[in-house]
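Below you'll find the structure, written out as structure tokens, and then a few comments.
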Amino acid sequence: MSAFRLLPHAPLALVACWLSCMASPAFAQNATEQVQTQVGVVTPLSFIQTEELHFGKIFASNTAGTVTVAPNGTRTRTGGVTLFGSDHQAAEFAGMGSFNQRVQVSLGSNTIFLTGPGVRMRARTFTIGSTPTAVLSTNPQVFRIAAATGAFRFPVGATLEVNANQAPGTYSGIWTITLNYQ
């Protein structure tokens, strides 16, 4: 991935000097940079994760609470949790089938635990961003592919239970989602 960044708050005189120096043939130079480019080719009747589920940064207190990331990316809280920053996001998946094909979607477990430096936290109520939204479980939910191309995307959010006096640090967990094309 390549990124270009402009330096903020550069003095105008410095910018003007840089532009005039670059335009001058006396200072012309050639430079070559190797950059990496990637692509993932996925077979039909499969799917990939395009975004990970992030609950973001929070402050815990002496009162338990929850953090919910909805499939549309909004984040809410209950109890003694204070939300901080905006680095949260719903998980997102993309797949390929055919128009009007049925797809069963299920979770490997109804409860996932995030572990870290303190007491583990439970993630539950995984919600898929379908119309209408639906709660995913180990029992498959059936959906139809609406796109004429057969390509589809779907977001998944969840609720995290934060313990009272949760120890600071980074917590993570692994969860499984299964698609069965019919």
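Residue numbers for the sequence shown, in mature numbering (1 follows the signal peptide of the UniProt record, and there is no 0): -28 to -1, 1 to 154. Using N, Cα and C, we set each Cβ at its ideal position, and we do this for glycine too.
*For A119, does the count of other Cβ atoms within 10 angstroms reach 16, so buried, or fall short, so exposed?*
exposed
*For T48, the residue or residues it bridges with in DSSP*: T40
*Taking only beta-carbon atoms, is S18 less than 7 Å away from chain B?*
Structure shown: chain B not included; a single protein chain is present.
_Minimum C-alpha distance to A95 - residue among A66, G57, S144_ = S144
*For I146, three-class secondary structure by DSSP*: coil
*Drop a sphere of 10 angstroms on the beta-carbon of F56, count the other beta-carbons inside from all chains shown, and report buried for 16 or more, exposed for fewer.*
exposed
*asked:* Restricting to Cα atoms, I'd like to know which of K29, F98, P104 is closest to W147.
replied: F98
*Cβ pair I100, F124 closer than 7 Å*: no
*Environment of S18 [buried if 16+ CB atoms lie within 10 Å]*: exposed
*8 Å Cβ shell around R47 - same chain, five flanking residues per side excluded*: F27, G28, V39, T40, V41, L55, H60
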